[in-house]
Amino acid sequence: MTMEARLVGKKRSNVVLGNTNNIIRNKNNNNNKKRCINTKRCSTKKPTMALQKLFVACTEVFKGPGTVPPPPDVQNLRHILDNMTPEDVGLSTDLLFFKSSGVAKGTPSITYTTIYKCEKFSMCLFFLPPSAVIPLHNHPGMTVFNKLLLGTMHIKSYDWADPDKLDDSVPSSQLRLARLKADNVFTAPCNTSVLYPTTGGNIHAFTAITPCAVLDVFGPPYSKEDGRDCSYYRDFPCSDFIEDGSVDEALGEGRNSYGMLEEIEMPKDLKMQGIEYLGPQVMETRC
């Protein structure tokens, strides 16, 4: 498959990461606004075996809001994702987007596209140019599978900690104690990470070191109406707010594994652009 992977000017609304014959188009194209994103009618591209296998597994694993997949189902889905390649979703290391090594001036724009979405789960791709950041954000009530398909990325994640650990030492009700779960650099190919509603690093941030592509599978999807809106956070060391020794006393030697999180509005400089997915499709049976 040939595709120019590059960001383009506003006037060329039919292309964002590829040409008009390939996997993705800008959602701002008025002619495509009402087109579906999750059925075979959207494209003549046939599903890859791995993508179809992933889709079928998702229909079996995700049961809807208020449920968490049991361990055997999690392992099955993780195994499928661990074995997926960029080509399974129409990507390649030969694309110009992934060959770029320069850092864009200003805040880099992040692009995302939805492969499939229903009430129970969603399958999405995120494209991050070098130095692009998806800030700390949560996934309320969701089980999330992150698969880094291409590139090198720093991932930082937290889970909420027991608030009783610091009792009344926290100076502001807007700050909340969280336990650091990951603060590492990952390079594709690597294992799939799994985040649960309350464990596994449900609050995380991505920073692209090189051009990156991430496949996200999560259920249930975000829904403001159902109380699953996305919240953003800023983190601080505990010692920035508590200097009387209570941190050392309460957290002991693990104090560096904690942070204080403050909920913030969505950062104004966060640039995320949605585009239509025209890569290999899934053959929908049910959801």
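Residue numbers (full-length UniProt numbering): 1 to 287. Every residue gets a Cβ at the ideal spot worked out from N, C-alpha and C, and that includes glycine. Please read these numbers as outputs of a predicted model, since none were measured by experiment.
*How big is the Cα-Cα spacing for LYS268 and SER131?*
Spanning the two alpha carbons is a distance of roughly 17 Å.
*Evaluate ASP88 with the Cβ neighbour count: other Cβ atoms within 10 Å of its Cβ, from every protein chain shown; 16 or more gives buried, anything less gives exposed.*
With 16 or more other Cβ atoms within 10 Å, it is buried.
*Pick helix, strand or coil for THR198, following the three-state DSSP scheme.*
In this structure, THR198 counts as coil in the three-state DSSP scheme.
*Return the chain-ordered list of same chain residues with a C-beta closer than 6 Å to the C-beta of LYS27, the five sequence neighbours on each side being excluded.*
At LYS27, the pLDDT of 47 sits below 50, so the modelled position is not reliable; the number obtained from the coordinates is stated separately. Only residues of its own chain outside the window of five on either side were considered, and among them GLY274, ILE275 and GLU276 have a CB closer than 6 Å to the CB of LYS27, listed in chain order.
*Sort VAL56, PHE127 and PRO140 by Cα distance to TYR232 and report the nearest one.*
Of VAL56, PHE127 and PRO140, the residue nearest in Cα terms is PRO140.
_Inter-stretch contact (C-beta, 8 Å, three-pair minimum) for the segment 171-191 and the segment 147-154_ = Counting C-beta pairs closer than 8 Å gives three or more between the segment 171-191 and the segment 147-154, which meets the contact rule.
*Could you tell me whether the Cβ atoms of PRO220 and GLY64 are closer together than 8 Å?*
Using a Cβ distance threshold of 8 Å, PRO220 and GLY64 count as a contacting pair.
*LEU81 classed as buried or exposed, judged by whether at least 16 other C-beta atoms fall within 10 angstroms*: Looking at its Cβ environment, which holds 16 or more other Cβ atoms inside 10 Å, LEU81 is buried.
*Is it true that the CB of PRO197 sits closer than 8 Å to the CB of LEU51?*
Result no, Cβ atoms of LEU51 and PRO197 do not sit closer than 8 Å.
_Let's test the definition: count the other Cβ atoms within 10 Å of the Cβ of MET283 and tell me whether it reaches 16, buried, or not, exposed._
With fewer than 16 Cβ atoms within 10 Å of its Cβ, MET283 is classed as exposed.
*Report buried or exposed for ASN22, applying the criterion of at least 16 other Cβ atoms within 10 angstroms of its Cβ.*
Below a pLDDT of 50, predicted positions are generally treated as unreliable, and ASN22, at 45, falls in that range; no measurement from the model is reported.
*Classify LYS181 as buried or exposed, calling it buried when 16 or more other Cβ atoms lie within 10 Å of its own Cβ.*
With 16 or more other Cβ atoms within 10 Å, it is buried.
*Pick out whichever of GLN174, ASN202 and ALA208 has its Cα sitting closest to the Cα of VAL185.*
Residue ALA208 is the option with its Cα nearest to VAL185.
*With a CB to CB cut of under 6 Å and the five nearest residues on each side skipped, what residues in its chain are close to residue 292?*
Residue 292 is absent from the model: the chain starts at 1 and stops at 287.
*How many angstroms separate the CA atom of ILE264 from the CA atom of PRO237?*
The straight-line gap separating the alpha-carbon atoms of ILE264 and PRO237 is approximately 17 Å.
_Runs of alpha helix (DSSP H) lying entirely within the segment 55-107, each at least 4 residues, in chain order_ = Counting only unbroken stretches of 4 or more residues, the alpha helix (DSSP H) elements lying wholly within the segment 55-107 are 71-82 and 96-99, in sequence order.
*When the Cα of ILE110 is compared with those of SER257, GLU225, PHE206 and ASP235, which residue comes out closest?*
It is PHE206 whose Cα lies nearest to the Cα of ILE110.
*Residue span of the beta strand (DSSP E) that contains ARG228, given as start and end*: Careful: ARG228 lies outside any beta strand (DSSP E) and carries neither H nor E.
*Which word fits CYS58, buried or exposed, when buried means at least 16 other C-beta atoms lie within 10 angstroms of its C-beta?*
Taking all protein chains shown into account, CYS58 has 16 or more neighbouring C-beta atoms within 10 Å of its C-beta and is therefore buried.
*Nearest-angstrom Cα separation, counted from MET142 out to ASN38*: Low local confidence applies: a pLDDT of 40 at ASN38 is under 50, so the model's placement there is unreliable, with the coordinate-based value given in what follows. When the Cα atoms are used, ASN38 and MET142 turn out to be separated by approximately 21 Å.
*Distance, PHE126 Cα to LEU175 Cα*: If I take the Cα positions, the gap works out to 29 Å.
_I need the DSSP call for ALA50, collapsed to helix, strand or coil._
Of the three classes helix, strand and coil, the one that applies to ALA50 here is helix, per DSSP.
_THR187, enclosing beta strand (DSSP E) - first and last residue_ = It spans 175-187 - the beta strand (DSSP E) in which THR187 sits, taken as one unbroken run.
*asked:* Which residue wins for smallest C-alpha separation from ASN256, given the options LEU270, ASP94, CYS230 and SER239?
replied: Comparing Cα positions, the closest option is SER239.
*Alpha-carbon spacing of VAL68 relative to ASN83, whole angstroms*: Computed Cα separation, rounded: 23 Å.
*By the 10 Å Cβ neighbour count, where 16 or more other Cβ atoms means buried, how is LEU96 classified, buried or exposed?*
Counting C-beta atoms within 10 angstroms of its own C-beta, LEU96 has fewer than 16 neighbours from the protein chains shown and is therefore classed as exposed.
*For the beta strand (DSSP E) that VAL214 lies in, which residues bound it at each end?*
Residues 212-219.
*Backbone secondary structure at CYS238 - three-state DSSP*: Residue state, collapsed to three classes: helix.
*Proximal residues to ASP73 (C-beta, below 6 Å), its chain only, five neighbours per side dropped*: Correct list, in chain order: VAL61.
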